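J.: Quick one: the structure is below, and I'll ask about it shortly.
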Amino acid sequence: MTLSLTERMVAAAQYALPKRALTRIAGSFARAEWGRVTHWAIGRFVARYGVNMAEAANPHIDSYASFNDFFTRPLRADARPLARSGYLCPVDGAISQFGAIERDQIFQAKGHGYSVQALLAGDAALAAEFAGGQFATLYLSPRDYHRIHMPCAGRLRAMVHVPGALFSVNPATARAVPGLFARNERVVCVFDTACGPMALVLVGAAIVGSVATVWHGRVNPPRPGHVRCWDYAQVAPVELARGAEMGRFLLGSTVVLLLPGETLQFNPAWAPGAAIRMGECMGQPVMRG
């Protein structure tokens, strides 16, 4: 793939920036409770990115003690009605790519792909469960709602925190940095569902200060530099309903969804780059005879 001059500059900047230091600084700022300074900064952010505060359960900027509170704000109960049938879109954002997993490869952008095994921290047995399956890569921009919800009901099997780089995950970087989503820090959440296994991979990024899940709380930091695993199969079950919140990001990032075999027929309105909203129909289950 031939990159434009702008894309080459984006890639060069991504490699050169002190991403980990910037992320630490951003995390400290996001946790800070500085009163009027925090409220001023949130107001500037809302204006800069066009955040729709009318959808928030609490629309008043001066009621948020920190950027963390603002970024992870809940929505009004009626803001995201759930589709009556099918798999639900788990996030607000935009479609990066979606489709079939071919020979263990996930399509990232023209000329770039990465393996399911690499995304899943080298776990060959787990990757094999998604052989010939389907994926959807969904990008959350800074303006979007930052909570992630269940596409279908599931029981948590395992969670894995995978250390990695902290490249930006915006579309320009996805076109410029090979294997981006299998290189960045990520949290792999594996569920068992009525249609087989499902993985929701929460991919970190530059200045994304934290990823949290509803059953564990904040997963990172800490960032110890090695893979951390939690096995939920032998403990009190964590069962989440269709549409239930399962996790959240600070700032924007990306979710990669993995499903086995031909599990669903994607919504025909879906296309790379299209805007999506949590609770919309992502696709209908494939009926097997």
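All residue numbers for the sequence shown refer to our numbering, where the first residue is 72 and numbers rise by one.
Quick reminder that beta carbons are idealized off the backbone N, C-alpha and C, glycines included.
Only a predicted model underlies this, so the values are computations on that prediction, with no experimental measurement involved.
From the DSSP output, in three-state form, read off N123 for me.
T.: coil
J.: Mapping the DSSP letters down to three states, classify Q176 as helix, strand or coil.
T.: strand
J.: Are H217 and M349 touching if we call contact CB-CB under 8 Å?
T.: Note that the C-beta distance between H217 and M349 is not below 8 Å.
J.: What separation, rounded to the nearest whole angstrom, lies between the Cα atoms of D140 and P152?
T.: 23 Å
J.: Distance, Cα to Cα, E104 vs A136?
T.: 5 Å
J.: For M230, write down the residues that DSSP places opposite it in a beta bridge.
T.: C260, W301
J.: Which residue from P222, L328, V187 puts its Cα closest to that of A312?
T.: P222
J.: Quick check for students: name the residue ranges of the beta strand (DSSP E) that lie wholly in the segment 310-349, counting only runs of 3 or more.
T.: 316-320, 324-330, 335-337
J.: Could you give the distance in angstroms between the alpha-carbon of A156 and the alpha-carbon of S324?
T.: As written in the sequence, residue 156 is Ser, which differs from the Ala given in the question. So the two alpha carbons sit approximately 27 Å from each other.
J.: For I347, count neighbouring Cβ atoms within 10 angstroms of its own Cβ and tell me buried if that reaches 16, exposed if not.
T.: buried
J.: With a cut-off of 8 Å on the beta carbons, I'd call G170 and Q205 a contact; round off their distance for me.
T.: 7 Å
J.: Would A277 and S239 be called neighbours here (beta carbons separated by less than 8 Å)?
T.: yes
J.: From V285, A342, E200, D302, pick the residue whose C-alpha is nearest to that of P331; which is it?
T.: E200
J.: Alpha carbon to alpha carbon, how far is N255 from A207? Give it in angstroms, no decimals.
T.: 17 Å
J.: Kindly give me the distance between the Cβ atoms of V282 and G275, rounded to whole angstroms, as I take these residues to be in contact under 8 Å.
T.: 6 Å
J.: Would you be able to state if there are at least three C-beta pairs under 8 Å between the segment 123-132 and the segment 170-179?
T.: Contact fails: fewer than three Cβ-Cβ distances are below 8 Å.
J.: To which residues of the same chain is E310 closer than 7 Å at the C-beta, ignoring the five residues directly before and after it?
T.: R226
J.: CB A261 to CB L197, shorter than 8 Å?
T.: According to the sequence as given, residue 261 is Val; it is not Ala. Yes.
J.: Using the Cβ count rule (16 or more neighbours within 10 Å means buried), how would you classify S167?
T.: Of the other Cβ atoms in all chains shown, 16 or more fall within 10 Å of the Cβ of S167; this residue is therefore buried.
J.: If distances are taken between C-alpha atoms only, which option among D263, C300, P242, A304 comes closest to G164?
T.: P242
J.: Does the beta-carbon of R147 have 16 or more other beta-carbons within 10 angstroms, so that it is buried, or is it exposed?
T.: exposed
J.: Can you tell me whether M317 is buried or exposed, with buried defined as 16 or more other CB within 10 angstroms of its CB?
T.: So M317 counts as buried.
J.: Exposed or buried, which one is Q179 when buried takes at least 16 other CB atoms within 10 Å?
T.: buried
J.: Taking the alpha-carbon of F337 as reference, which of R319, P356, R294, L190 has the nearest alpha-carbon?
T.: P356
J.: Compare the beta carbon distance of L159 and G288 with 8 Å and say whether it is the shorter of the two.
T.: It is not a contact, given that the beta carbons lie outside the stated cut-off.
J.: Where does the unbroken beta strand (DSSP E) through R254 begin, and where does it stop?
T.: Segment 251-254 is the alpha helix (DSSP H) holding R254; no beta strand (DSSP E) there.
J.: Compare the C-alpha of F320 against each of D263, G114, A265, R257 and name the closest.
T.: R257
J.: What three-state label does DSSP hand P242 in the structure shown?
T.: helix
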